[in-house]
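Asks:
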Amino acid sequence: MADGEKVKDEIWLLRKALSRPNYAVMTLLLKKSPRTTRELYLELEKKFTRKTLIITLRELSLDLNIIQPTHIRTEKGYGLGYRLNPKVKGVINGVKKFAKVLEGVRNA
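Here the sequence shown is numbered in the working numbering, starting from 21 and rising by one per residue.
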């Protein structure tokens with residue numbers, strides 16, 4: 021194995037998708053979708069740097085296909101926005117349920 025190369029197990033892609041910035045974007049889009057890029061930046065600018073958010077949106081849309089770019093009608097015409105891939109909505113809700121179960125087990 022070369023330096024810097026990570027071992028990929030069965031859930032490496034899930035871990036990548038559930039990183040803090042990725043999960044933050046997904047939960048915002050789960051609440052209201054589609055959202056403009058500007059809306060996402062305004063909501064998350066205090067938690068993450070702009071560079072992190074740019075990388076996150078690129079990763080979620082191009083690499084993972086978790087969010088999908090779409091045109092959104094604005095006051096000035098159309099703008100770029102993102103919507104959550106419909107197949108992913110159930111996964112996010114399942115992750116939330118699993119987290120509650122784990123919390124209950126930990127506190128028992």
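For glycine and all other residues, C-beta sits at the position ideal for the given N, C-alpha and C. Everything numeric in this text was worked out from a predicted model, so none of it was measured.
Out of curiosity, what's the CA-to-CA distance linking Tyr-61 and Arg-103?
Replies: Numbered from 1 along the sequence shown, position 41 holds the residue referred to as residue 61. Numbered from 1 along the sequence shown, position 83 holds the residue referred to as residue 103. Tyr-61 and Arg-103: Cα-Cα distance of roughly 15 Å.
Asks: Confirm, please, whether the CB-CB distance from Thr-76 to Val-45 is below 7 Å.
Replies: Translated into positions along the sequence shown, residue 45 becomes position 25. Translated into positions along the sequence shown, residue 76 becomes position 56. Yes, the pair counts as a contact, with Cβ atoms nearer than the cut-off.
Asks: Any idea if Arg-55 is buried or exposed, counting beta-carbon neighbours within 10 angstroms, 16 or more meaning buried?
Replies: As a working note, residue 55 is residue 35 in the sequence shown. Under this definition Arg-55 is a buried residue.
Asks: What residue does the beta strand (DSSP E) around Leu-104 start on, and which one ends it?
Replies: Counting from one through the sequence shown, the residue named residue 104 turns up at place 84. For Leu-104, the uninterrupted beta strand (DSSP E) segment begins and ends at 97-104.
Asks: When we look at the beta-carbon of Gly-101 and count the other beta-carbons within 10 Å, is it buried (16 or more) or exposed?
Replies: Counting from one through the sequence shown, the residue named residue 101 turns up at place 81. Looking at its Cβ environment, which holds 16 or more other Cβ atoms inside 10 Å, Gly-101 is buried.
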